[in-house]
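Each residue of the sequence shown is one higher than the last, beginning at 1 in the UniProt record's numbering. The beta-carbon is built from N, C-alpha and C at its ideal position, and this holds for glycine as well. Since this is a predicted model, take the numbers as computed values, not measurements. Below is one structure, written out as structure tokens; comments come after it.
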Amino acid sequence: MSSCLACGNCLAGCPYNAKNSTDRNYLVSAIQSVVKNLDDTFKEEERIGRKRRRQWRVFINEVDYITSDFVILSAGVLGTAEILLQSQMRGLKLSEKLGHGFSCNGNNVAYVAGSPAPLNSYGLDRKQFSEIPLQKRPGPAISSSYTSSLGFTIQSGVLPMAYPSLLFKGIKTYGWPSGYWFLHGLLDKLKQMLGVKASQGMILNAMGCDESNGTITLEKDTNRISFSPPHDPLLPRKIEAFQKLTKKLGGILFMSRFRSTSVHLLGGCNASSDSSHGVCNPNGQVFDTKSPTTVHPGLYVCDASLIPCSVGINPCLTIATAAEHVSRHLVQDVLKYKSKEGIEVVDRTVDRKPGSINAVMLDSRSKSTVMFTETMRGYVGGMPCTAYLNLKMNSWTCKEVDQHSRVIGEFHPLLRGKVGGYVAFKAVEMDKLHIIDGEVDLCAVDNRTPYTQYMSYRLLLVASSGSRYILEGKKVMNPYLFALYAWKETTTMHVTFKKVIGDSSREEMMNFKGQLRIPKRELIKTMISLEGNMRGRFMCLLLQSFLRTYILQIPRGYQKDFSSSESQQRPYPSSTFHELKTEDGFIISCRQWKCNQNPQRLEGEKKLSPVLLINGHSTESYWLPTEPNDLVRTLLEEGHETWLLLPRLHPLNSSNFFTIEDIGRFDIPAVINKIHELHGPLVKVHVVAHCVGGLAFHIALMGGHVSASHIASLSCTNSSMFFRLTASSRVKMWLPLIPISMLILGKDKILPLFKTSKCSSQHRLLKSIARLIPRLERCTCDECEVFSGIFGNTFWHDKISPSMHYWLNKQSLPRLPMAAFPHLRKICNAGFIVDSNGKNLYLNHPERMALPTNYISGGRTLLVSLHTSFLANKYMKLHQPNFRHERVVVEGFGHSDLLIGEESYRKVFPHILSHIRLAEQGRNSAMNSQGSKYNKKALAWGDDPYEEGMRGFGSWFSASVTIWLFLFLLVMYFY
């Protein structure tokens, strides 16, 4: 530190390194003993991070943060209050007194100009030192004062060279005496320009005692600090004193139009004995709101914010004394915490330049980043929601890059990053939901869907009320019809919004689903907002990922193969295999699992009715050896004897010539008769049928081949007497693909599916064509590709386990009987069950459907639309109102994954079991006749509540938009 040259420029900052401030004298010893080696600090942070979590996150911006066990806020009165108010908006529980008790220390600033007296109150530059001896220089900024008996002190101040006098003669001041100040300003400026000696000026600063009732608030719209100054009862007396001094000096007084101009701010986080009167305790610890005296561990305030009132003089030493008091208790708290946690205290001192604090330079550690903003709007849970996101890709705080996130075989952390910003969801919280932890991966991959690219977002949100929420979203990009749906898929995020519920909380569970979209204008803004030295590389990588997904269609990873020894199977219950000869002489089969009734059931209690399971076309949906909780096991645990029909479309009983009508006329009656043969003709059977199995059973019932009096209940998944397809499936059925396939197959209509099976040339040709047909999800498994090419995707790959996928395609289905496809095409094109000639012989017999029904659809539709279950439920309620009829739409499931999915036992099976239990209890009636009449009217008015809005046009229109967007990105990249 150099010696003082008495230049008078102290207020603007000493240009000669002579300022005797606390960071140079009082704190210098602390700095020398506390500063640690930066590399060791980072190593310690990594070691601690692996063992335990830090208590606090200190955000540098909306994305980056550092963690610490102890945080000391010393940002000044306005800065500390702003940090705590911002934290309060993000859920930190603080005292209601935050921002109250704000004091300006009774400050008022004035400027005296035009005085002929030798005030010597202008700062000097270096050139003037040789002309003016040290004794005649201005000296330090403040060297004289006047204390009034009224309770205030006035100090004089030197105006620095860096501050032009016009700064203190601004438009927001008034002059005294009035009428002369403007003319004086012109004359004084003219004298300076002509080199004539100008008049003298001086700063006056008054300090006293105000009422300390000011407030500091955070404006939610602008996110800025505002304050209301405290009332100053001595302000008129101070002005009188300023005027008297000005008169004696023969000058003109310039004073602020505002009632208080302060240089010594105090309060806002006042120290008090409890949270009802202040924000911190006397030791600087910030109060929690759990009880009046509890504090947030490790959070301290250590500046002028603690002082609850004005002190009447310069508060520098008062603030230093308060900080020293807080520091003593802070050290004790730190030592106690470290001993409790078992953390070794090591003093790593290094040689530093005395008095310097080296900035933490993260540039060498941080990677090149790309930053941009993104705004998405839409509806979540039917309520408007908008997300304002700030994304920082390749952030140094990001976790290790997941091994599944690859682009063309390489890791690319530039496509991963952190997310900041906020979400506006006023239906849930009126204030903003701030993101305190957000992650994004623009090229996430699931090994179950290696051809699909995901843009995944996971945001932890917090409200000012303290409630926390999780918003998870995915943009799903499937290579369906190349890039035709690219615009919709890359700008639409499917989100779930959940509330974080504590263990002891009694709050209701919140789980909303919806979609957020990026409008075209906002997408352009996002592109313009790209910042960072790697933005060109980032855009190149993103375009490469789109090219690989939509055009090249190269998988990222592969479905894992499982051997029978690898899959840890639970021993499957033994079954009895029955061969049955149908009325038309065909041999089919079925399996029977006998159930030892639950030993907890009371003697004499009614024996549960058997359950008949009917599969869809060829594939197995109920008897799943690789899964621990399939429907067969579930029904056996419930106490039901279970039967599984293996009809003529099953690979075990394949036929070259049959229709779905044959299954309803012959196969289903044959198994019902077998059950009656073993249990007697009066026994009723619960039926669970899927897809084509449901069509066949409705044909059996409505065709009069099976009596409803023999059926206890009916549950159908994605099937009914109606069969409405999705748009893509309708197009496939409308095209002559099935007639051409039948022509290619010739007489042998059983297609071998295993890749190792021997095939004729016709079979190889048909399989080659099937591989080329577009489908929603592609797969690396050849058998799965062929099957989905023929039918379309029958399940969402992310819903079934890898072991299930392997067993289904490599073991369960060696061949596919296709003889019934022409009849299936007629049913699909008609939209309801018809005979093999396409005639409607069934829907006009609703009287044969006198039984309780339960129609289940997947909310994430595949093959079959939601109208299938909606129309069936409506039909049954209209024609059989005296029976109980239910309809369930299970979100997230597609077609056969309703029964074979990993989560089916939790989300689907309970609906089936509940329906069966109610039927066992005899609760089959719906309502009385009066209610039935009104119910029919309501059904006539009602529409499907699960049906989404119009689709298709926007997706087809988006093709040209996608091309233009692609070209625009290329231009920006090369530019």
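{"Asked": "Coil, strand or helix - Pro-354 by DSSP", "Found": "Note on Pro-354: pLDDT 38, under 50, position unreliable in the model; the coordinate value appears next. In the structure shown, Pro-354 sits in coil (DSSP, three-state: anything other than H, G, I, E or B)."}
{"Asked": "Cβ-Cβ distance between Met-849 and Leu-612 below 9 Å", "Found": "no"}
{"Asked": "Beta-carbon separation (whole angstroms), Ser-715 vs His-915, contact threshold 8 Å", "Found": "5 Å"}
{"Asked": "Rounded straight-line distance, which links the Cα of Phe-372 to that of Met-527", "Found": "8 Å"}
{"Asked": "Residue from Tyr-379, Val-77, Lys-136, Ser-68 with nearest C-alpha to Gly-8", "Found": "Lys-136"}
{"Asked": "Cβ contact (3+ pairs, closer than 8 Å) linking the stretch 274-282 and the stretch 138-158", "Found": "no"}
{"Asked": "Pairwise C-alpha distance: Lys-498 and Ser-629", "Found": "Looking at the sequence itself, residue 629 is Asn, so the reference to Ser does not match. Cα to Cα, the separation comes out at about 27 Å."}
{"Asked": "Buried/exposed call for Ser-3, threshold 16 Cβ in 10 Å", "Found": "exposed"}
{"Asked": "Beta-carbon gap between Glu-210 and Cys-104 smaller than 9 Å", "Found": "For clarity, residue 210 is Asp in the given sequence; the question names Glu instead. Contact flag set, yes."}
{"Asked": "Expected contact under 8 Å - CB spacing of Thr-780 and Pro-450 to nearest Å", "Found": "6 Å"}
{"Asked": "Pro-610 beta carbon near the ligand ATP (any heavy atom closer than 8 Å)", "Found": "Among the ligands in the structure shown, none appear at all, so the ligand ATP cannot be discussed."}
{"Asked": "In DSSP terms, what His-100 is bridged to", "Found": "Thr-215"}
{"Asked": "Thr-246 beta carbon less than 9 Å from that of Ser-228", "Found": "no"}
{"Asked": "Contacts around His-845, its chain only, beta-carbon distance under 6 Å, and the 5 residues preceding and following it disregarded", "Found": "Met-702"}
{"Asked": "Under 9 Å between C-beta atoms of Phe-697 and Ala-872", "Found": "no"}
{"Asked": "Closest by C-alpha distance to Pro-822, when choosing among Ile-587, Glu-219, Glu-661", "Found": "Glu-661"}
{"Asked": "Touching by the beta-carbon criterion (3+ pairs, under 8 Å), the stretch 572-582 and the stretch 657-676", "Found": "yes"}
{"Asked": "Three-way DSSP call (helix, strand, coil) for Trp-734 in this model", "Found": "helix"}
{"Asked": "Start-end ranges of the alpha helix (DSSP H) lying completely within the stretch 457-528, minimum 4 residues", "Found": "486-491, 520-528"}
{"Asked": "For Asp-69, three-class secondary structure by DSSP", "Found": "coil"}
{"Asked": "9 Å Cβ cutoff met for Val-685 and His-650", "Found": "no"}
{"Asked": "Cβ-based burial, Gln-553 [other Cβ within 10 Å; buried from 16]", "Found": "exposed"}
{"Asked": "Where the alpha helix (DSSP H) containing Arg-825 begins and where it ends", "Found": "821-830"}
{"Asked": "Whether Tyr-550 touches Ala-486 by CB criterion (9 Å)", "Found": "yes"}
{"Asked": "Same chain only: Cβ atoms within 6 Å of Met-202, ignoring 5 sequence neighbours per side", "Found": "Val-112, Leu-119, Ser-121, Ser-156"}
{"Asked": "Beta-carbon gap between Trp-593 and Glu-637 smaller than 9 Å", "Found": "no"}
{"Asked": "Contact between the stretch 436-452 and the stretch 788-805 (3+ Cβ pairs under 8 Å)", "Found": "yes"}
{"Asked": "Runs of beta strand (DSSP E) lying entirely within the stretch 570-623, each at least 3 residues, in chain order", "Found": "576-581, 587-593, 611-614"}
{"Asked": "Ser-262 versus Leu-204 - alpha carbon distance", "Found": "12 Å"}
{"Asked": "Bridge-paired residues (DSSP) for Glu-661", "Found": "DSSP lists no partner for Glu-661."}
{"Asked": "Simplified DSSP state of Lys-747, which is helix, strand or coil", "Found": "coil"}
{"Asked": "Beta-carbon proximity of Gly-298 to Trp-623, cut-off 9 Å", "Found": "no"}
{"Asked": "8 Å Cβ shell around Lys-399 - same chain, five flanking residues per side excluded", "Found": "Note that Lys-399 has pLDDT 45, beneath the 50 cutoff, so the model's placement of it is unreliable and the number below is only indicative. Hits under 8 Å: Glu-439."}
{"Asked": "N- and C-terminal bounds of the beta strand (DSSP E) containing Phe-59", "Found": "56-59"}
{"Asked": "C-alpha distance - Leu-319 paired with Glu-472, whole-angstrom precision", "Found": "Note that residue 319 is Ile in the sequence shown here, rather than Leu. Cα to Cα, Ile-319 sits roughly 46 Å from Glu-472."}
{"Asked": "Proximity test, Cβ basis, 9 Å: Arg-90 and chain B", "Found": "Although the question refers to chain B, the structure presented lacks it and comprises just one protein chain."}
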